[in-house]
Amino acid sequence: MGKAVVLRVNGEEYELEVKPQETLLDVIRERLSLTGTKRGCETGDCGACTVIMNHKAVSSCLVLAVEADGAEIVTIEGLAKEGKLHPLQEAFVRHGAVQCGFCTPGMILSAKALLDENKNPTEEEIRRAISGNLCRCTGYTKIVEAIKACSGTL
Amino acid sequence: MLRSMQPFNYLRPSTLSEALKLLGDHGREAKVLAGGTDLIVGMKEKGLSPRYVIDIKGIEGLDGIGYDPNEGLRIGTLATMSEVSASSCVREHYLFLAHAAGEVGSVQVRNRATIGGNLCNAAPSAETAPALLCLDAVLTVAGPKGERAVAIEEFFRGPGMTVLDGEILTGMLIPPVERKGIYIKHSPRNAMDIAVIGAAAAVTPKEGGWENVRIALGAVAPTPVRVHEAEELIRKKGQTKEAIEEAGRMAGETASPIFDVRASAEYRSEMVENLVIRALSELCDS
Ligand SMILES: Cc1cc2nc3c(=O)[nH]c(=O)nc-3n(C[C@H](O)[C@H](O)[C@H](O)COP(=O)(O)OP(=O)(O)OC[C@H]3O[C@@H](n4cnc5c(N)ncnc54)[C@H](O)[C@@H]3O)c2cc1C
Ligand code: FES
Ligand code: FES
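Chains A and B, in that order, are what the protein sequence lines are.
Position one of the first sequence corresponds to residue 105 (the numbering used here), numbered consecutively onward.
Position one of the second sequence corresponds to residue 12 (the numbering used here), numbered consecutively onward.
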């Protein structure tokens with residue numbers, strides 16, 4: 105029943121046997137123990153499970169692990185380098201864009217996918233890029249400010 | 012709550028004929044998987060439990076977007092909403108289709124959701140359907156007996172139902188007719204408001220008036236629909252204020268009253284009427 109897949113997560117290669125009904129989210133959290141990727145709604149609505157797959161933000165709860173075979177995946181754990189936070193992570197802290205933190209990994213990865221493609225997004229483009237990431241705590245203004253602060257600097 | 016799927020067999024054919032064979036062998040126990048944004052949600056929360064899931068993303072030639080002046084705009088079934096909304100061919104010729112694709116869900120959804128999946132899922136509210144109806148899209152469908160072309164107006168049969176019969180949608184062709192169009196979505200203001208309604212209109216501007224008048228609506232009937240009477244009226248009477256208002260009224264009446272229990276029939280009709288009047292008026296001004 106299991107299928108052999110190779111996932112490249114944060115630059116490391118993992119060879120695993122996965123069941124067809126396991127999602128990429130299940131595998132990232134439970135098999136690779138990378139629990140920075142959050143399990144929220146499970147149906148594509150909240151963005152808590154956002155990861156970057158082949159350079160695009162996707163909801164890992166709606167991707168089968170078998171579909172991700174051979175894919176290049178970045179999770180929140182892949183952002184800090186040599187013990188130093190990624191500029192987006194720093195900006196989120198500095199701007200008070202983190203409260204409970206549940207939405208933060210997904211939010212930051214959506215922002216990263218945007219900035220990787222468009223170095224100087226407008227406020228509207230930023231809001232559009234994170235429209236699939238729900239935050240119950242901060243009311244988005246601080247999040248948008250944090251992302252704006254990183255525009256043109258990455 | 013952990014929403015998990017029932018076990019299934021995952022199949023990833025690399026050719027269309029292999030995929031059709033699998034679909035033929037497994038019949039109703041099989042489901043085609045494109046971007047999965049409808050199918051996986053359905054398997055998690057709507058009790059959908061196919062025994063075989065046939066992923067068509069390993070098949071070459073089902074993606075891509077291209078324009079040929081003689082043939083028209085060809086869009087592969089696996090083109091994602093992100094690709095459609097960013098495509099220079101689509102934007103140059105039929106910008107309103109790019110806008111419609113850009114209205115689907117979120118970035119995360121658009122990066123996976125395919126245009127073909129949107130049509131095959133056949134939700135009355137399928138976002139790209141009204142624009143594609145206005146563009147006279149011809150769908151290409153592959154089956155065990157070969158390929159056939161299906162006009163988009165013939166494709167939908169009811170909520171979640173299409174004419175596909177053991178077949179796979181491979182793509183669509185939009186004939187190279189010059190058009191300007193518009194897509195407007197009414198988004199609910201609060202949870203009690205009615206579901207999103209989408210209205211698209213397109214015309215070919217000609218000296219002395221409009222040709223190829225098309226008006227199509229999403230989420231007002233069991234399938235996405237064209238409003239032929241209203242199109243005919245505009246064609247006959249021209250784009251006057253009176254004709255546009257009458258066309259709006261006609262469109263409002265097509266919104267089937269029993270279709271949505273959440274909204275009163277009058278309210279729904281009024282919404283549709285306003286959207287269609289707005290769409291046609293904006294086409295006049297653009
Ligand atoms: C959070 C969220 C928000 C959404 N918002 C919107 C929205 O605003 N507007 C909107 O219209 N939709 C929306 N959707 C629904 C969905 O994203 C779209 O309908 C999408 O285009 C479906 O495409 P897919 O490739 O993901 O289809 P899949 O889920 O892979 O397939 C959908 C159905 O079509 C069948 N199918 C797919 N491709 C083929 C083919 N080539 N041949 C034969 N059968 C096929 C499958 O078997 C399945 O039954 C949303 C979904 C989510 C999760
Ligand atoms: S858990 Fe995936 S979008 Fe909510
Ligand atoms: S910080 Fe709590 S959900 Fe965003």
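Glycine included, every Cβ here is placed at the ideal spot set by N, Cα and C.
Measuring CA to CA, which of the options is closest to residue i?
i, options, result
"B/Asp147", "B/Lys156, B/Glu189, B/Ile179, B/Pro170", "B/Glu189"
"A/Gly140", "A/Pro209, A/Lys160, A/Asp149", "A/Pro209"
"B/Ile193", "B/Lys42, B/Gly72, B/Ser98, B/Glu293", "B/Glu293"
"B/Gly53", "B/Ser15, B/Phe107, B/Thr88, B/Gly77", "B/Ser15"
"B/Ala112", "B/Ser93, B/Ala160, B/Leu130", "B/Ser93"
"A/Cys153", "A/Ala175, A/Ile180, A/Leu120, A/Ile230", "A/Ile180"
"B/Ala90", "B/Ile51, B/Thr139, B/Glu82, B/Leu22", "B/Thr139"
"B/Lys217", "B/Lys191, B/Ile208, B/Val238, B/Val236", "B/Lys191"
"B/Gly171", "B/Leu144, B/Val207, B/Val118, B/Ala232", "B/Ala232"
Indicate the three-state DSSP secondary structure (helix, strand or coil) for residue i in the structure shown.
i, result
"B/Lys42", "strand"
"B/Gly83", "strand"
"B/Phe166", "helix"
"B/Tyr278", "helix"
"B/Arg237", "strand"
"A/Thr127", "strand"
"B/Asp176", "coil"
"B/Ser60", "coil"
"A/Met157", "strand"
"A/Ser163", "strand"
"A/Arg143", "coil"
"A/Lys188", "strand"
"A/Ile177", "strand"
"B/Arg289", "helix"
"B/Arg14", "coil"
"A/Val202", "coil"
Locate the beta strand (DSSP E) running through residue i, then write down its first and last residues.
i, result
"B/Gly182", "179-185"
"B/Pro216", "208-217"
"B/Ile255", "B/Ile255 -> not in any beta strand (DSSP E); alpha helix (DSSP H) instead, spanning 252-265."
"B/Asn20", "20-22"
"B/Leu150", "149-154"
"B/His197", "191-197"
"A/Lys107", "107-113"
"A/Ser120", "For clarity, residue 120 of chain A is Leu in the given sequence; the question names Ser instead. Element bounds for A/Leu120: 116-122."
So which residues on chain A does residue i lean against when the C-beta distance must stay under 7 Å?
i, result
"B/Thr48", "Gly148, Leu166"
"B/Lys55", "Glu146, Thr147"
"B/Met16", "Gln125"
"B/Asp66", "Glu171"
Go to residue i, then tell me how far its alpha helix (DSSP H) extends in each direction, as first and last residue.
i, result
"B/Pro141", "140-145"
"A/Ala172", "Per DSSP, A/Ala172 belongs to no alpha helix (DSSP H) and is neither H nor E."
"B/Ile226", "That residue, B/Ile226, is in no alpha helix (DSSP H); its beta strand (DSSP E) goes 220-229."
"B/Tyr105", "99-113"
"A/Ala250", "245-254"
"A/Glu134", "Note, A/Glu134: premise wrong, no alpha helix (DSSP H); not H, not E."
"B/Ser6", "Residue 6 of chain B lies beyond the stretch modelled for chain B, which goes from 12 to 297, so this question has no answer here."
"B/Ile70", "Unbroken run through B/Ile70: none, as it is neither H nor E."
"A/Arg232", "227-233"
Name the chain B residues whose beta carbon is nearer than 8 Å to that of residue i?
i, result
"A/Ala161", "Val118, Gln119, Asn122"
"A/Gly182", "Simply none; closest approach about 18 Å."
"A/Gly236", "Gly116, Ser117, Val118, Gln119, Val120"
"A/Gly151", "Ser117, Gln119"
Kindly give me the distance between the Cβ atoms of residue i and residue j, rounded to whole angstroms, as I take these residues to be in contact under 8 Å.
i, j, result
"B/Val5", "B/Thr48", "Any property of residue 5 of chain B remains undetermined from this structure, which presents chain B solely from 12 to 297."
"A/Leu128", "A/Ser164", "4 Å"
"B/Leu286", "B/Ile226", "Rounded, the Cβ-Cβ distance is 10 Å, inconsistent with contact."
"B/His104", "B/Leu73", "The Cβ separation is near 21 Å, so there is no contact."
"A/Gly106", "A/Val122", "6 Å"
"A/Gln193", "A/Ala201", "The pair is not a contact, with the Cβ atoms about 10 Å apart (cut-off 8 Å)."
"B/Lys42", "B/Leu50", "6 Å"
Give the interface partners of residue i over in chain B, defined as CB-CB distance under 7 Å, in chain order.
i, result
"A/Thr141", "The premise fails here: A/Thr141 is roughly 13 Å from chain B at the closest Cβ pair, so nothing lies under 7 Å."
"A/Ala233", "Val118"
"A/Ser214", "Val118"
"A/Thr154", "Gln119"
"A/Gly174", "What A/Gly174 touches in chain B: nothing, since even the nearest Cβ is about 11 Å away."
Could you work out which residues of chain A lie near residue i, taking near to mean beta carbons separated by less than 8 Å?
i, result
"B/Tyr21", "Lys107, Pro124, Leu168, Val170"
Using a Cβ cut-off of 9 Å, pull out every chain A residue sitting near residue i, in sequence order please.
i, result
"B/Ile51", "Thr127, Thr147, Gly148, Cys165, Leu166, Val167, Leu168"
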